[in-house]
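Inspection log for the structure reproduced underneath, given as structure tokens.
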Amino acid sequence: MDPVTRALAHLDTAAMETFLQHLVRTPSVYLPGVPGANEAAAADLVYEQLRAWGWTPRREEVAPGRPNVVADLRGALGGPDDPPGPLLLLEGHTDVVTPGDPAAWSDDPFSGRIVGRRLYGRGACDMKGGLAAMLFAARALQLAGAPFRGTLRLLVPVDEEGMMLGIKAMVARGEADGAAGCIVCEPEGGELCVVQKGSLRLRLISHGRIAHGAMPRQGVNALTGMVRWLHQVLDLEEALNREHPPHPLLGPNYLSPTVIRAPHPGDASQINCLPGCCDAFLDIRTVPGVEHAALVARIAALGEAVRAEHPAFRFSVETVDDRPAVAIDPAHPLARAVAAAHTRVYGAPPPLGGVPGSTDGTILARDRGIPVVVYGPGDKWLPHQPDEYVDLDEVARAARVYIIAVLEFLGGGT
Ligand SMILES: [Zn+2]
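Residue numbers (the numbering used here): 1 to 414.
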């Protein structure tokens, strides 16, 4: 029996479904300041499962109650005098977003109920289905005797839905150093995603001076300044899309104000007072080729242009988070390995896709230059909605794709 067939035979889909159901029934929404509202229980489930399989996982707390889990499976091929072989990463986060209003759900948001072949619950699609698939794929490879060269490393971070503290901590600890590639197991519905949008979050600040509403010329209305500045910023989206046209797999650039506050939180608001400070947040999504630093400078320059006409205004920009767009050549060995694996499981090559948001893979690419593809079970447009579900047969197919892709990439497939 060839190694691929042998490893596929070791995939225990029934155990995988039970584990996934347990994982979905273990809420892992992070809520700051709320005791127990974190990823600990879900991460421990992963950790204990790996230990039960005889692995020696590492559990590393990023913040209290927020542990990352990392585990290695060393390939059995190659002699003691051979070079160590490549490092391949499989990645899946434990946190899920809030279910929102439970009344919007047909059932308990954490029921894990299986109806037909669909498993329902917050996180079923994003991304506990993908996480279960990668874990059980790795288990099948272990049972098959790890017939590959190099190392398969499982990265199971916290906080992907937040500031990505989990993956950033892993990078800082060197867990991704020297990796030859990473498969991010996020739900992409069978698409092989070779490009991810960039994301830039900015805080714009308009500084004014409080005064009586009846005597506005005695002060500087920070809100008025912000409105004039934002007016210019909104026009920038169109200009940006002329300069960097919509990407075939990603669509256009977006530049969306999402929050505006005046007066500044903490300052009392009164209808007869000019606000002394106003801030606004921009959620900017970019296609490859858009230079974020240049874009920030351009937004600041728009503020200066407003100031040229109204010198009393003062503006500043803070970068809250900066994640570049990330792309891999579809001819890269990692993309080809996943494409070949998908073709073997589905009988046809995968459609190429793009990720509208960013993933933990963005951090791996940005900070360590690691080639990344995003491929995983679940409808890519379903995450964060009520009645989230994942198709269990799709989870099983994804696990098979991971098994074959790992063997293909780490040279055990033949
Ligand atoms: Zn996700």
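All C-beta atoms, glycine included, are put in the ideal place defined by N, C-alpha and C.
Would you mind working out which of the options sits nearest residue i, comparing C-alpha positions?
i: Leu223; options: Pro216, Ala42 and Leu274; result: Leu274
i: Pro350; options: Phe281, Pro377 and His342; result: His342
i: Glu228; options: Lys197, Glu191, Leu302 and Glu243; result: According to the sequence displayed, residue 228 carries Arg and not Glu. The residue with the shortest Cα to Cα distance from Arg228 is Leu302.
i: His264; options: Pro252, Gln218, Pro377 and Cys278; result: Cys278
i: Arg117; options: Cys182, Ile403 and Leu20; result: Leu20
i: Asp329; options: Gly181, Leu165, Gly36 and Asn68; result: Gly181
i: Glu237; options: His247, Pro248 and Pro252; result: Pro252
i: Gly190; options: Met16, Thr26, Asp367 and Gly353; result: Gly353
i: Leu255; options: Arg242, Asp235, Pro245 and Leu249; result: Asp235
i: Val374; options: Glu48, Thr94 and Glu186; result: Glu186
i: Pro27; options: Val62, His10, Trp381 and Leu45; result: Leu45
i: Val158; options: Asn38, Arg323, Gln218 and Pro102; result: Asn38
i: Ile260; options: Leu282, His22 and Val306; result: Leu282
i: Leu11; options: Leu410, Glu408, Phe409 and Ile404; result: Ile404
i: Met134; options: Leu192, Gly276 and Arg400; result: Arg400
i: Asp72; options: Met127, Gln142 and Val115; result: Gln142
i: Met163; options: Leu192, His384 and Thr362; result: Thr362
i: Glu17; options: Ala312, Gly130 and Pro67; result: Gly130
i: His247; options: Pro371, Gly411, Ala9 and Val326; result: Val326
i: Leu192; options: Ala340, Asp387 and Gly36; result: Ala340
i: Ala103; options: Leu230, Pro386 and Val290; result: Pro386
i: Pro32; options: Tyr346, Ala63 and Ala43; result: Ala63
At a cut-off of 8 Å, would you count residue i as near ligand 1, judging by its Cβ distance to the nearest heavy atom?
i: Asp126; result: yes
i: Pro383; result: yes
i: Thr359; result: yes
i: Pro333; result: no
i: Glu186; result: yes
i: Glu161; result: yes
i: His247; result: no
i: His93; result: yes
For residue i, does the count of other Cβ atoms within 10 angstroms reach 16, so buried, or fall short, so exposed?
i: Ala365; result: buried
i: Arg51; result: exposed
i: Gly413; result: With a pLDDT of only 49 at Gly413, under 50, the local geometry of the prediction cannot be trusted, and the value read off the model is given with reservation. Classification of Gly413: buried, given that the 10 Å Cβ count is 16 or more.
i: Met170; result: buried
i: Val320; result: exposed
i: Ile299; result: buried
i: Arg153; result: buried
i: Gly357; result: exposed
i: Asn272; result: exposed
i: Trp105; result: buried
i: Gln196; result: buried
i: Gly378; result: buried
i: Ala294; result: exposed
i: Ser316; result: exposed
i: Arg217; result: exposed
i: Leu334; result: buried
i: Pro383; result: buried
i: Gln49; result: buried
i: Arg242; result: exposed
i: Pro67; result: buried
i: Gly75; result: buried
i: Asp126; result: buried
Which whole-angstrom value describes the C-beta separation of residue i and residue j, a residue pair presumed to lie in contact below a C-beta threshold of 8 Å?
i: Gly85; j: Gly150; result: 3 Å
i: Leu392; j: Leu119; result: 6 Å
i: Thr13; j: Ala396; result: 5 Å
i: Met226; j: Ala179; result: Their Cβ separation, rounded to whole angstroms, is 43 Å, which puts Met226 and Ala179 out of contact at 8 Å.
i: Phe148; j: Val406; result: 7 Å
i: Val156; j: Gly92; result: 6 Å
i: Ala398; j: Gly376; result: 6 Å
i: Ala211; j: Tyr389; result: Actually they are not in contact, since the Cβ atoms of Ala211 and Tyr389 sit about 55 Å apart, beyond 8 Å.
i: Gly198; j: Arg113; result: In fact, because the Cβ distance is near 37 Å, the residues do not count as touching under 8 Å.
i: Ala144; j: Arg6; result: 5 Å
i: Thr98; j: Val29; result: 5 Å
i: Arg203; j: Val220; result: With a Cβ gap of about 19 Å, Arg203 and Val220 do not count as contacting.
The alpha helix (DSSP H) that contains residue i, what's its start and end?
i: Val24; result: Thr13 to Val24
i: Asn272; result: Per DSSP, Asn272 belongs to no alpha helix (DSSP H) and is neither H nor E.
i: Asp235; result: Ala222 to Glu243
i: Tyr346; result: Pro333 to Tyr346
i: Asp367; result: Asp360 to Arg368
Could you pull the start and end residues of the beta strand (DSSP E) that residue i belongs to?
i: Ile284; result: Cys277 to Thr286
i: Gly181; result: Gly181 to Val184
i: Ile260; result: Tyr254 to Arg261
i: Tyr389; result: Tyr389 to Asp391
i: Gln196; result: Leu192 to Gln196
i: Thr319; result: Arg314 to Arg323
i: Asp2; result: Element bounds for Asp2: n/a, residue is neither H nor E.
Answer with yes or no whether the minimum CB distance from residue i to chain C is below 9 Å.
i: Pro246; result: Judged by its chain identifiers, the structure shown contains no chain C, having just a single protein chain.
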